[in-house]
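Novice:
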Amino acid sequence: MDRINTPQHRYSSVAIALHWIMAVLIIGNWFIPILTEATAEDVHRSAMGWHKAIGITVLLLAVVRIAWRIVHPRPPLEPTLRPWERALAKTTYTLFYILIVAIPLAGWIMVSAGNDGIAANILGIGVPTLPIADKSAGEVAHEMHEILAFFMAGLVVLHVAGALKHHFVDSDGTLARMVPFLRR
C-alpha cells in the first residue's frame with residue numbers, strides 16, 4: 052500500500068466531507084450575485100436570500116471545520132515537497148480558514164448595519180441581524196465582502212492548479228489525500 056493512502060496520511064472522512072461540501076457551497080455562492088445582478092428585482096432578491104442563507108451556513112460549517120481541525124490535525128505534508136511548496140501550502144490553508152470566516156461575517160455585518168430583524172432564513176429558521184446601528188459599517192463590510200470574495204476566487208484557482216500540478220506533473224499522491232476515490 053502506498054504511504055499516501057494509509058489512514059495517517061489521508062484526511063479523515065469528516066475533513067474530506069467538510070472540504071467538498073464547503074467548496075461546492077462557496078463556489079456556488081460566489082456565482083449567485085454575479086448571475087442574478089441583471090435579472091428582474093424579485094428574482095435577484097430571491098437569489099440573494101439564498102446567497103445569505105448559504106453564507107451563514109458556510110460560517111457555521113467554518114466553525115465546525117476549525118473545531119474539527121483543532122481536534123484532528125491535518126496529516127503531514129508529503130516529504131517530497133520543496134520548501135517553497137510547503138510554505139505556499141501552509142499560507143494557502145491559513146488564508147482559506149481566515150476567508151471562510153471573514154467573508155460570511157462581513158456579509159452578515161453588511162446586512163445587519165442599520166437594520167433590525169432577520170439577516171437570513173435557513174430552512175425556515177430566521178438568523179437575526181447583528182446589533183450594528185452604523186450604516187457606514189455596512190458600507191465598509193460590503194466592500195470587504197466583495198474584495199475578499201474575489202481574493203477567495205483567486206485562491207481557489209491557485210489551490211486547484213496546485214492540486215492538479217501535484218497529481219498530473221509531480222504524481223506525488225497529494226490529491227489522493229483529499230479525493231476519497233482517488234488512488235496514487
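In my numbering, the protein residues as written are 52 to 235.
Beta carbons: idealized from backbone N, C-alpha and C, even for Gly.
Could you tell me which of W101, V94, H70, E194 sits nearest to V115, measuring between CA atoms?
Specialist: Taking the sequence shown and counting its residues from 1, one reaches residue 115 at position 64. Nearest of W101, V94, H70, E194 to V115, Cα basis: H70.
Novice: Taking the C-alpha atoms as reference points, what is the distance between T131 and H218?
Specialist: Taking the sequence shown and counting its residues from 1, one reaches residue 131 at position 80. Taking the sequence shown and counting its residues from 1, one reaches residue 218 at position 167. Cα-Cα distance, rounded: 13 Å.
Novice: Which residue from L76, A66, G189 puts its Cα closest to that of I157?
Specialist: Your numbering for residue 157 matches position 106 in the sequence shown. What sits at residue 157 in the sequence shown is Ala, not Ile. It is G189 whose Cα lies nearest to the Cα of A157.
Novice: So what's I173 in DSSP terms, helix, strand or just coil?
Specialist: Start at 1 with the first residue of the sequence shown, and residue 173 comes out as number 122. I173 falls in the strand class under three-state DSSP.
Novice: Restricting to runs no shorter than 4 residues, where is the alpha helix (DSSP H) found entirely within the region 112-172?
Specialist: The region 112-172 contains these whole alpha helix (DSSP H) runs: 134-163.
Novice: Per DSSP, which one or two residues make a beta bridge with P179?
Specialist: By 1-based counting over the sequence shown, the position of residue 179 is 128. Answer is I169, bridged to P179.
Novice: Can you tell me the Cα-Cα spacing of L215 and A227, whole angstroms?
Specialist: Here residue 215 refers to the residue found at position 164 of the sequence shown. Here residue 227 refers to the residue found at position 176 of the sequence shown. Between L215 and A227, the C-alpha separation is close to 11 Å.
Novice: So, is G224 buried or exposed, given that buried needs 16 or more other C-beta atoms within 10 angstroms?
Specialist: Residue 224 sits at position 173 when you count from the first residue of the sequence shown. That one is buried.
Novice: Measure the C-alpha to C-alpha separation of I149 and K103 and round it to an integer number of angstroms.
Specialist: Sequence index remark: in the sequence shown, residue 149 carries index 98 (1-based). Sequence index remark: in the sequence shown, residue 103 carries index 52 (1-based). Annotation: I149 to K103 spans about 19 Å, alpha carbon to alpha carbon.
Novice: Counting C-beta neighbours from all protein chains within 10 Å, is the total for I151 16 or more, i.e. buried, or is it exposed?
Specialist: Residue mapping note: residue 151 aligns to position 100 of the sequence shown, counting from 1. With 16 or more other Cβ atoms within 10 Å, it is buried.
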